[in-house]
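Line order of the protein sequences matches chains A and B.
FYI, the numbering for the first sequence is 796 to 1098, going by my numbering.
FYI, the numbering for the second sequence is 796 to 1098, going by my numbering.
Glycine residues also receive a C-beta, built at the ideal position from the N, C-alpha and C atoms.
Remember, predicted model here, so these are calculated numbers, not experimental data.
Note sheet for the following structure.
Protein chains: 2
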Amino acid sequence: MTSATQLQQQPNGQGGDDDDGMGAEFTRTVVEAMGPATSPRLREVMSALIRHVHDFAREVQLTTDEWMAGVQLINAAGQMSNEKRNEGQLLCDVIGLESLVDHITFSAATKSTKGLTASAILGPFWRHDTPLRENGSSISFDTPADAQVVFMHGRVADVATGAPLADATVEVWQASTNGLYEQQDDEQVEHNLRGVFKTDAQGAYSLYCLRPTPYPVPQDGPAGKLLGLMDRHVFRPAHIHFMVVADGYRSLVTQIFDEDCKYLANDSVFAVKDDLRVRFEPRAGDERASLELEYNINLAKAE
Amino acid sequence: MTSATQLQQQPNGQGGDDDDGMGAEFTRTVVEAMGPATSPRLREVMSALIRHVHDFAREVQLTTDEWMAGVQLINAAGQMSNEKRNEGQLLCDVIGLESLVDHITFSAATKSTKGLTASAILGPFWRHDTPLRENGSSISFDTPADAQVVFMHGRVADVATGAPLADATVEVWQASTNGLYEQQDDEQVEHNLRGVFKTDAQGAYSLYCLRPTPYPVPQDGPAGKLLGLMDRHVFRPAHIHFMVVADGYRSLVTQIFDEDCKYLANDSVFAVKDDLRVRFEPRAGDERASLELEYNINLAKAE
């Protein structure tokens, strides 16, 4: 067996001592088992996946007991997943994978566009059937006593020209101060703390929402267990989710983060970006809200 | 974003262009989030896993849609797993991972011992409650019309001295000619085609079993779907499973393969080793069996 040290010196295990048939030659055999009808993209993805998984196992000299513990963790994630939660996704999130693929898919493709609003992960709490609401209305239907209400408003614009984008949809969703989204919480009314808004002729949207608060990711499943084993906290910093869609523009999924939140530097799912930090300002003369946030969004044309 | 080509030239993504925060620096942030109470081995395993998973995503520029397809596949594997099947395990098997960790755990640790019987994967069909049977008895309780019966016998010995090992247990299990193990098949009696045998004072065991036949791994779940996407067949070559346990010796889990089987060179789970090929010989003068196999097993002392 090639030693772990040797393998670390030889990326992908190639060129290593392979006389026992379980080094790079074995990995090549598995990759080359793919038949001619495999799609080119699947072949590319699976070849790299097989190579990295094998290299990982050789590098740490993974034992059958350790591997089986991993299989049971992943099976348990699937068994716990349903329409209201996705533990497989959450396992990926706590090792930074969703943030990374979001970056690859959205931000990396549009990196050269200065001023473009940055993306962040969708997360598991978006709903496809959120109702359209009037600009200036509230998404909070049972505002908790410990909540601070925010008047949030802004414009959606073309990042290149600055032209306002009318009829864009700005969808927002957030957890309540108890840390739960409405679909997790029998005490909240349906579609509480979520809404879709349409921009007006000036590209403007506005709504009342809550100042977001930090909350723990679910701790009763494999992702929570893994966080515990890694001696990490389970909190997400205070944030509001956005999905912004305009005809002819690249759709944006993102989150904005309260810059005063203590978990900003160590989000349990690694979604924070500097560009996405916001400051909630005091608001005077509005009996409905004590805070205000102006948040403008710049989109890039679809290719 | 660091290009895929750059990353391939820079193992583990280290030292790469990282000005956008999602290259090696991001990966380090995720790894270093582990707290001081993480066990040293878990830190080692998770650090390597995170690094390889991130490198994989960057190398193939994995998109959110592709990643989510993977999450759904893995969640579906968990949802299909129960006491009778393990789709998470099977997903690992079809990319060679169980064979690799078996090799790391067993064979690599004892590589220097010439003559040691080689290991192979346990697979998902072993049972913990298989009954003890008399040497010379049959494990086939409802022999199908298309089966060939084999008289299998051999000795268990110390690999270093050749001394016979008495009171070792030799457990065997196999699928029937319809490709199903008894726990998958309502038509087979409980514990059909499986049994535990104890070696006598000369280290000998003997039983009647079936000549094994190739069979497909289950095709109704994610592993079958993945094999289809990779344009691979689903067959395992004809084999019989063994688990051999003797006091003071390293336990052995292995499989023996019929050298005439057409799937020997492309096992769907990559478990075949040259040392584990056997030839079933004609047997004369035994009305219970038309074939014979002598199979001797050498164990190494436990450390």
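Residue i (DSSP reduced to helix, strand or coil)
i        : result
A1018(A) : helix
E861(A)  : helix
L1002(A) : strand
S914(A)  : coil
R1031(B) : strand
M875(B)  : helix
V1040(A) : strand
L960(A)  : coil
V754(A)  : Here chain A covers residues 796 to 1098 and nothing more, so residue 754(A) does not appear.
D927(A)  : Looking at the sequence provided, one finds Leu at residue 927(A) rather than Asp. Correct three-state label for L927(A): strand.
V933(A)  : It is Ser, not Val, that sits at residue 933(A) in the sequence shown. Strand at S933(A).
P806(B)  : Its pLDDT being 38, under 50, P806(B) is placed unreliably in this model, and the value from its coordinates should be taken loosely. Of the three classes helix, strand and coil, the one that applies to P806(B) here is helix, per DSSP.
Reference residue i; option with closest CA among the options
i        : options                                   : result
I890(A)  : V826(B), A940(B) and V944(B)              : V826(B)
I899(A)  : R928(A), S914(A), T908(A) and G910(A)     : S914(A)
P1032(B) : S1046(B), D1062(B), G1019(B) and I1051(B) : D1062(B)
D897(B)  : S933(A), L892(A), V951(A) and T859(A)     : T859(A)
L857(B)  : P939(A), N1093(A) and R836(A)             : R836(A)
G883(A)  : L988(A), W968(A) and P1017(A)             : P1017(A)
K1020(A) : A872(A), R922(A), P926(A) and T824(A)     : A872(A)
P1011(A) : N987(A), K1068(A), F901(A) and L885(A)    : L885(A)
F901(B)  : L1047(B), R823(B) and I1035(B)            : L1047(B)
R928(B)  : G918(B), E878(B), L917(B) and L988(B)     : L988(B)
A1041(A) : D1055(A), F946(A) and P959(A)             : P959(A)
E1076(A) : N1093(A), V945(A), A1097(A) and V965(A)   : V945(A)
Y1044(A) : C1004(A), D962(A), G974(A) and W968(A)    : D962(A)
D794(A)  : A1097(A), E966(A) and V866(A)             : Residue numbering for chain A in the displayed model covers 796 to 1098; residue 794(A) lies beyond these limits and cannot be assessed.
F992(B)  : E982(B), P1007(B) and S933(B)             : S933(B)
Alpha carbon of residue i to alpha carbon of residue j, nearest angstrom
i        : j        : result
D888(A)  : A832(B)  : 21 Å
L1002(B) : L1086(B) : 12 Å
E1089(B) : V1073(B) : 9 Å
L911(B)  : R950(B)  : 13 Å
P939(A)  : S971(A)  : 8 Å
D813(A)  : E820(A)  : Low confidence applies to D813(A): its pLDDT is 46, below 50, so where it sits in the model is not reliable enough to give any reading.
N930(A)  : Q979(A)  : 26 Å
Y1000(A) : A864(B)  : 34 Å
I845(B)  : M1025(A) : 12 Å
T1049(A) : G957(A)  : 20 Å
W1101(A) : R922(B)  : A question about residue 1101(A) goes unanswered here, because the residues of chain A that appear run from 796 up to 1098.
Y1058(B) : R880(A)  : 41 Å
E839(A)  : A852(A)  : 20 Å
Q803(B)  : E854(B)  : Only weak support is given to the placement of Q803(B): the predicted model assigns it a pLDDT of 36, under 50, and the value that follows is read from those uncertain coordinates. Answer to the nearest angstrom: the Cα atoms are 7 Å apart.
A1095(A) : A952(A)  : 9 Å
D937(B)  : Y976(B)  : 13 Å
V1029(A) : A828(B)  : 12 Å
V848(A)  : I869(A)  : 15 Å
I916(A)  : D1081(A) : 33 Å
E893(B)  : W862(A)  : 8 Å
F1037(B) : M1038(A) : 56 Å
V984(B)  : Q969(B)  : 14 Å
D1015(A) : P919(B)  : 27 Å
Limits of the beta strand (DSSP E) - the one that residue i falls within
i       : result
G990(B) : R989 to K993
V788(B) : The structure shown has nothing for residue 788(B), since chain B only spans 796 to 1098.
V944(B) : V944 to D953
Element boundaries [alpha helix (DSSP H), containing residue i]
i        : result
C887(A)  : E882 to V889
N1091(A) : Neither: N1091(A) is in no alpha helix (DSSP H) and is coded neither H nor E.
F901(A)  : Unbroken run through F901(A): none, as it is neither H nor E.
M841(A)  : P835 to V855
V1048(A) : Per DSSP, V1048(A) belongs to no alpha helix (DSSP H); it is in the beta strand (DSSP E), L1047 to D1053.
F821(A)  : A819 to E827
Between the stretch 852–865 of chain B and chain A, which residues of the former have a C-beta closer than 9 Å to a C-beta of the latter?
A852, R853, E854, V855, Q856, L857, T858, T859, D860, E861, W862, M863 and G865
Using a Cβ-Cβ cut-off of less than 8 Å, list which residues of the stretch 973–986 of chain A approach chain B; keep chain order.
none
When you check each C-beta in the stretch 825–851 of chain A against every C-beta of chain B, which residues fall closer than 7 Å?
The stretch 825–851 of chain A vs chain B, Cβ under 7 Å: V825, A828, M829, G830, P831, A832, T833, L837, E839, V840, M841, A843, L844, I845, H847, V848, H849, D850 and F851.
Along the stretch 1027–1043 of chain B, what residues have a CB closer than 7 Å to any CB found in chain A?
Against chain A - using a Cβ distance shorter than 7 Å - the residues of the stretch 1027–1043 of chain B are R1027.
Any C-beta of chain D within less than 9 Å: which residues of the stretch 892–903 of chain A qualify?
Given the protein chain composition of this structure (A and B), no chain D is represented.
Output needed in chain order: residues of the stretch 1014–1025 of chain B with a Cβ under 7 Å from some Cβ in chain A.
Result list: L1024 and M1025.
Select from the stretch 1050–1074 of chain B all residues with a C-beta closer than 7 Å to any C-beta belonging to chain A, and list them in chain order.
N1061 and F1065
Could you name the residues of the stretch 940–960 of chain B whose beta carbon sits closer than 9 Å to any beta carbon of chain A, in the order they occur along the chain?
Those would be none; no residue qualifies.
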